Amino acid sequence: MGQLVPSMAPPPTAQKSHRRWHPLLSLLAGLALLAPLGGCSRGREWPGMVYVAIGANRDQTITSELKQEFEDRLGAVEKGFRQIHPDTWFQFALYPEDQLVEVMRQRSRSGLAPDLLLVNGDSALRLLKAGLVDPFPIRNDQRANFNAEELRRLRSPDGQLAGLPLLVQTQLGCFNRERLPNPPATLKELLSASANGHPIGLSIDLYYLLWSVGSTGALPALDRAVLGQPPNPAERQALTGWLSWMQNASSQQRVSFFPDQPTAEAEFKAGRLDWIPCRSTVLPQLRRAMGSALGVAPLPDGEGHRASPINRLRVLALGRSSSAEGRRRALAFSSYTVNPLTQRSITLGSQTVLPANRFVTVPVQSSQVLAAMVAASNQGLQSNSLVTLVHSNDPRIPRLQTLLTELVFGERSPEGATTELVQILQTRP
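Numbering (our numbering), first residue to last: -1 to 427.
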């Protein structure tokens, strides 16, 4: 299931010989206690332990490198929280996001569901629908910290909140600043860069193509189709225009479509591409490979239309197996993480996520990366319907992937693909 090999750092009363270990290694113990076999019941006897399950995005492979990234990001958070609550310890497990429902169902049957889950917003909604997490009891003072639209995205049809917003992961354009000093700001500039000899990489993965829907002016049409409504003639023409742009891009000599995002990123790190779409969470890996050559910018807009990146909300959801004391600690930690000071610290420390708390000011003048991420966040505010669509469990995704692959390779015309696209989207998942 792709879980990490754990390290254990129990409280001093349980094992004093481990006092020298890094504080965050206590967080990494979760795989031993949350793993499918062995060790779980004994761990539950430790006082003050909060168990956290973290969903790894489908384009993230659970490796020691990813483990290190989480250690880097969460170490300061744990240290700060333990200054206020020194009797609280954390253990966490990493799971593939698209397997969370089944994994948490197994954990719940055994009474071993985690106290907290750090997951994407759409995953929290699926877990809530499956009865695997409890509704989050957001307070009025907490509610005021978040955009009403973002909270609406996290509510079930009956109004229950699936999780507390924590962070925003953005979609950006990554470029090699040594070979492409000025990143393309528009679709026209992107294809011009290609014509001028700069290799451009695009992933056929639907998640990494939808940003161009907004740039080509087709976002209202796609939104209408996702909601099950037939697009009007002008909207249908806009959809055909989006599909035509992709097919035209694929015919350019220096524009390459790759079967998945990791392949595109590998080509980019190897210096064979000058520009790709990327997630903000992959920036540490790219920095290690490229150093100062890595540049980051918002995704290209179109003529009179903004790009529509899929920016993910990461939320904290409440597991269902907590004791009363475990729930109290989980809620206390949740409140601590959305505090403006904590949110600012996480943002500045990682430079891969933005705060969900709308009252946190991001110092964009101090960082080109943060400025690009804030611009991407603003671009993505229009993409709420697309965020709802793009999750790995949506049964329409494989059909859409096949259609777009056939389009890119010239086996479908944009006009014919438009008809099938609308039909697929109007099918209720």
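By construction, the Cβ of each residue, glycine as well, lies at the ideal position given by its N, Cα and C atoms.
Computed from a prediction, not measured in an experiment: that's the story for all the values here.
(message) What does DSSP give as the partner residue(s) for residue 166 in the beta ladder?
(response) The residue labelled residue 166 in the question sits at position 168 within the sequence shown. Answer is 311 and 352, bridged to residue 166.
(request) Examine the ligand FMN and report whether any of its heavy atoms sits within less than 7 Å of the Cβ of residue 77. (result) This structure lacks the ligand FMN, and indeed carries no ligand of any kind.
(request) Could you tell me how far apart the beta carbons of residue 173 and residue 289 are, in whole angstroms, since I believe they sit closer than 8 Å? (result) Mapped onto the sequence shown, residue 173 falls at position 175. Mapped onto the sequence shown, residue 289 falls at position 291. Not a contact, Cβ separation roughly 14 Å.
(message) Suppose you measure from the CA of residue 71 to the CA of residue 351; what does that come to, to the nearest Å?
(response) Mapped onto the sequence shown, residue 71 falls at position 73. Mapped onto the sequence shown, residue 351 falls at position 353. Each residue's Cα considered, the two are about 10 Å apart.
(request) Evaluate residue 429 with the Cβ neighbour count: other Cβ atoms within 10 Å of its Cβ, from every protein chain shown; 16 or more gives buried, anything less gives exposed. (result) Look at the range of the chain in this structure, -1 to 427, and you will see that residue 429 is not part of it.
(request) Identify whether residue 120 lies in helix, strand or coil by the three-state DSSP scheme. (result) Here residue 120 refers to the residue found at position 122 of the sequence shown. If DSSP states are grouped into helix, strand and coil, residue 120 belongs with the helices.
(request) In the DSSP assignment, find the beta strand (DSSP E) that holds residue 421 and state where it starts and stops. (result) In the sequence shown, residue 421 corresponds to position 423, counting from 1. For residue 421, there is no enclosing beta strand (DSSP E); the enclosing alpha helix (DSSP H) covers residues 412 to 424.
(message) For a quick check, are the C-beta atoms of residue 185 and residue 298 less than 8 Å apart?
(response) Sequence index remark: in the sequence shown, residue 185 carries index 187 (1-based). Sequence index remark: in the sequence shown, residue 298 carries index 300 (1-based). The beta carbons of residue 185 and residue 298 sit closer together than 8 Å.
(request) Measuring alpha carbon to alpha carbon, tell me which of 315, 399 and 426 ends up nearest residue 120. (result) Here residue 120 corresponds to residue number 122 of the sequence shown, with the count starting at 1. Closest by alpha carbon: 315.
(message) Checking the sheet assignment: what are the DSSP bridge partners for residue 83?
(response) Indexing the sequence shown from 1 puts residue 83 at position 85. The partner list for residue 83 (beta bridge, DSSP) is empty, contrary to what the question assumes.
(message) If you follow the alpha helix (DSSP H) that residue 275 is in, where does it begin and where does it stop?
(response) In the sequence shown, counting from the first residue as 1, residue 275 sits at position 277. Here residue 275 belongs to no alpha helix (DSSP H); instead the beta strand (DSSP E) covers 273 to 277.
(message) For residue 199 and residue 191, what's the separation of their Cα atoms in angstroms?
(response) One-based indexing of the sequence shown puts residue 199 at position 201. One-based indexing of the sequence shown puts residue 191 at position 193. Approximately 12 Å, taken between the alpha carbons.
(message) By alpha-carbon positions, which one of 319, 346 and 393 ends up nearest to residue 50?
(response) One-based indexing of the sequence shown puts residue 50 at position 52. Ranking the options by Cα distance to residue 50, first place goes to 319.
(request) Spatial neighbours of residue 46 within its chain, please: CB distance less than 6 Å, with the 5 preceding and 5 following residues excluded, ordered by chain position. (result) As a working mapping, residue 46 is identified with position 48 in the sequence shown. Counting only Cβ-Cβ distances below 6 Å, and skipping sequence neighbours, we find 85, 86 and 87.
(message) Suppose contacts are defined by Cβ-Cβ distances below 8 Å. Is residue 117 in contact with residue 313 by that definition?
(response) Translated into the one-based positions of the sequence shown, residue 117 becomes position 119. Translated into the one-based positions of the sequence shown, residue 313 becomes position 315. Their beta carbons are under 8 Å apart, which means residue 117 touches residue 313 by this criterion.
(request) Assign residue 95 to one of two classes, buried (16 or more other C-beta atoms within 10 Å of its C-beta) or exposed (fewer than that). (result) If you number the sequence shown from 1, residue 95 lands on position 97. Burial call: buried.
(message) Quick test of your reading: residue 306 and residue 377, contact by CB under 8 Å. State the CB separation rounded to the nearest angstrom.
(response) Start at 1 with the first residue of the sequence shown, and residue 306 comes out as number 308. Start at 1 with the first residue of the sequence shown, and residue 377 comes out as number 379. With a Cβ gap of about 7 Å, residue 306 and residue 377 count as contacting.
(request) With DSSP as the reference, label residue 89 as helix, strand or coil. (result) Within the sequence shown, numbered from 1, the residue matching residue 89 stands at position 91. Here residue 89 sits in strand by DSSP.
(request) In angstroms with no decimal places, state the Cα-to-Cα distance between residue 193 and residue 280. (result) Walking along the sequence shown from the start, residue 193 turns up at place 195. Walking along the sequence shown from the start, residue 280 turns up at place 282. Residue 193 and residue 280 have their C-alpha atoms some 27 Å from each other.
(message) Buried or exposed, going by whether 16 or more other CB atoms sit within 10 Å of the CB of residue 416?
(response) Here residue 416 refers to the residue found at position 418 of the sequence shown. With 16 or more Cβ atoms within 10 Å of its Cβ, residue 416 is classed as buried.
(request) Check the C-beta distance from residue 181 over to residue 295 and give it rounded, since I have them as a contact under 8 Å. (result) Taking the first residue of the sequence shown as position 1, residue 181 is located at position 183. Taking the first residue of the sequence shown as position 1, residue 295 is located at position 297. With a Cβ gap of about 4 Å, residue 181 and residue 295 count as contacting.
(message) residue 382 and residue 141 - do their beta-carbons sit closer together than 8 Å?
(response) The count along the sequence shown starts at 1 and reaches residue 141 at position 143. The count along the sequence shown starts at 1 and reaches residue 382 at position 384. Contact: no.
(message) Quick check on residue 152: does DSSP put it in helix, strand or coil?
(response) Here residue 152 refers to the residue found at position 154 of the sequence shown. Coil.
(request) Provide the residue(s) that pair with residue 255 in DSSP beta bridges, ordered along the chain. (result) Here residue 255 refers to the residue found at position 257 of the sequence shown. Answer by DSSP bridge pairing, in chain order: 200.
(request) Could you tell me the boundaries of the alpha helix (DSSP H) in which residue 378 lies? (result) To locate residue 378, count along the sequence shown from 1; it is residue 380. Counting along the chain, residue 378 sits inside the alpha helix (DSSP H) bounded by residues 366 to 378.
(message) Quick check on this structure: which residue in 223, 201 and 385 has the alpha carbon closest to the alpha carbon of residue 407?
(response) Counting from 1 along the sequence shown, the entry for residue 407 is found at position 409. Ranking 223, 201 and 385 by Cα distance to residue 407 puts 201 first.
(request) Could you spell out the range, first to last residue, of the beta strand (DSSP E) harbouring residue 54? (result) Taking the sequence shown and counting its residues from 1, the one referred to as residue 54 is at position 56. That run of the beta strand (DSSP E) goes 47 to 54.
(message) Taking only three categories from DSSP, how would you classify residue 331?
(response) Mapped onto the sequence shown, residue 331 falls at position 333. In the three-state scheme derived from DSSP, where H, G and I count as helix and E and B as strand, residue 331 is classed as helix.
(request) Hey, could you find the ends of the beta strand (DSSP E) residue 511 is sitting in? (result) Residue 511 lies beyond the stretch modelled for the chain, which goes from -1 to 427, so this question has no answer here.
(message) Which of the three DSSP states is assigned to residue 347 in this structure?
(response) Position 349 of the sequence shown, counting from 1, holds the residue named residue 347. Residue 347 falls in the helix class under three-state DSSP.
(request) Give a yes or no on whether the C-beta atoms belonging to residue 197 and residue 159 are separated by under 8 Å. (result) Residue numbering aside, residue 197 sits at position 199 when the sequence shown is read from its first letter. Residue numbering aside, residue 159 sits at position 161 when the sequence shown is read from its first letter. No, the pair does not count as a contact, with Cβ atoms beyond the cut-off.
(request) Along the alpha helix (DSSP H) that carries residue 283, what are the first and last residues, could you check? (result) Taking the sequence shown and counting its residues from 1, the one referred to as residue 283 is at position 285. From DSSP, the alpha helix (DSSP H) with residue 283 extends over 281 to 288.
(request) Please confirm whether residue 375 and residue 75 have their CB atoms less than 8 Å apart. (result) For this step, residue 375 is matched to residue 377 along the sequence shown. For this step, residue 75 is matched to residue 77 along the sequence shown. Result no, Cβ atoms of residue 375 and residue 75 do not sit closer than 8 Å.
(request) Return the first residue and the last residue of the alpha helix (DSSP H) that residue 98 is part of. (result) Position 100 of the sequence shown holds residue 98. Unbroken alpha helix (DSSP H) run through residue 98: 98 to 107.
(request) Sort 154, 157, 210 and 226 by Cα distance to residue 170 and report the nearest one. (result) Walking along the sequence shown from the start, residue 170 turns up at place 172. Closest in alpha carbon position to residue 170, among 154, 157, 210 and 226, is 210.
(request) Go to residue 180, then tell me how far its alpha helix (DSSP H) extends in each direction, as first and last residue. (result) Here residue 180 is taken as the residue at index 182 of the sequence shown, counted from 1. Boundaries cannot be given for residue 180, as no alpha helix (DSSP H) includes it and DSSP labels it neither H nor E.
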